[in-house]
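S.K.: The structure is given below, and queries will be raised subsequently.
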């Protein structure tokens, strides 16, 4: 028995000694921004803003981004850093502080959520890769029917090759590790994403009729503030946009050095994630109005409406290339974050090498993903994971850090690297407001079929 304990301690120490870390604060922040900037920013945010009161929607959205950014994002980063491991080990260590066992079993929930959403998301990244290549070759803008073009790809087994190439691209990067793979790629892809979308936003501003889109976005319809749905959907959008799931941000936090300022990092992630969403809205909504299309098209907005816009736009092929390359960057950086959670879990739990862990998750992702090569199955899969698993993982992480570990421990861990003393707001905002809002997201998601 004593030998077993000694071996377990030795294994744990080896894991901590060999654990990869981010080389710089900038690299860490960009990786977290990469995880947060994804499809929710690019098509869901513009759609929600237009659907729910324009600038009136932005008011609750900004409020929730500030509240969640300075509670949930800080909490998940600090939780991972404090425990030096992802959700599996972090949950276990949290419960051990209270003399309880089997925290790792509870930690499986956010790991499964992260893997599940990654598997589904990888199909979408395959679509994006196909559209990127189609924009480069010109087949995208030459297609007579954008709906049929997308339908052929999103149909049963319609994008297997692209799906597998998207996975291969992601896992090749991840094989290089945290600092040499994830960090370096995010340092290129995230700035490039913002530059490319800024170019698109400037071009769209010159389109005749674009002003109607700006009016749609920025003239508040104040009556929507009296509609509870506006507030609930703004909360869901902020929650999912900031990538809160008790998984990826916890893992990235576990690779963060103790000397880094978590509060400052969370602030930058929240700011740049919101900027990405606003940039996407400034590209998509005015361009859709300029060509008299439906701004509330939802998911087809990116894959059907925008290609139709590019067909009618002068130099449309060039701008379609810029658009889909930027979207691909956002997709790949998010996918890396999602897959990193189960990869880290295998490394930490079973002491597997990085290569073996990546290969195992790559195989699971590829095989399971093939079942989802159908738009209807994919939609059901993504709904189940995003409604029932993802918010639960975030709630459990909040409870583990702010309640199980205790307010004193949470404050000490967040305070590490901070130049200023945390105010008295910290405990009530983290323990009650954040955990309370997470419960609301979970309950409304179940009863109303998702609010993200």
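In the numbering used here, the protein residues as written are 3 to 454.
Ideal Cβ positions, reconstructed from N, Cα and C, are used throughout, including at glycine.
1. Inspect the beta-carbon positions of residue 32 and residue 189 and report whether they are closer than 8 Å.
2. Whole alpha helix (DSSP H) runs in the stretch 67-112 with 4 or more residues, listed along the chain?
3. What span of residues does the alpha helix (DSSP H) with residue 205 cover, start to end?
4. Taking 8 Å as the cut-off, decide whether the C-beta atoms of residue 357 and residue 117 are in contact.
5. Quick check: what's the CA-CA separation for residue 403 versus residue 421?
6. Note the first and the last residue of the continuous alpha helix (DSSP H) segment covering residue 388.
7. Just the Cα atoms here: how many angstroms apart are residue 319 and residue 122?
8. Indicate the three-state DSSP secondary structure (helix, strand or coil) for residue 39 in the structure shown.
9. If we call anything under 8 Å between Cβ atoms a contact, is residue 287 one with residue 235?
10. Which residue spans inside the stretch 395-441 form an unbroken alpha helix (DSSP H) run of at least 4?
11. Hey, is the stretch 235-249 in contact with the stretch 56-70, meaning 3+ C-beta pairs nearer than 8 Å?
12. I need the boundaries of the alpha helix (DSSP H) containing residue 367, first residue and last residue.
13. Take residue 359 and list the residues in its own chain whose beta-carbon comes closer than 6 Å to its own, dropping the five residues that flank it on each side.
14. Around the C-beta of residue 393, are 16 or more other C-beta atoms found within 10 angstroms, so that it is buried, or is it exposed?
15. Could you give the DSSP three-state label for residue 48: helix, strand or coil?
16. Is it true that the CB of residue 119 sits closer than 8 Å to the CB of residue 426?
17. Taking the beta carbon of residue 249 as the centre, do at least 16 other beta carbons fall within 10 Å, making it buried, or is it exposed?
18. Residue 423 to residue 369, Cα distance in whole Å?
19. Are the stretch 332-339 and the stretch 21-40 touching by the rule of at least three beta carbon pairs closer than 8 Å?
20. Taking the alpha carbon of residue 364 as the point to measure from, which residue in 385, 173, 194 and 196 has its own alpha carbon closest?
M.R.: Here's the rundown:
1. yes
2. 76-85 and 89-98
3. 186-207
4. no
5. 22 Å
6. No alpha helix (DSSP H) contains residue 388, which DSSP labels as neither H nor E.
7. 28 Å
8. coil
9. no
10. 409-417
11. yes
12. 356-373
13. 345, 348 and 349
14. So residue 393 ends up on the buried side.
15. helix
16. no
17. buried
18. 49 Å
19. yes
20. 173
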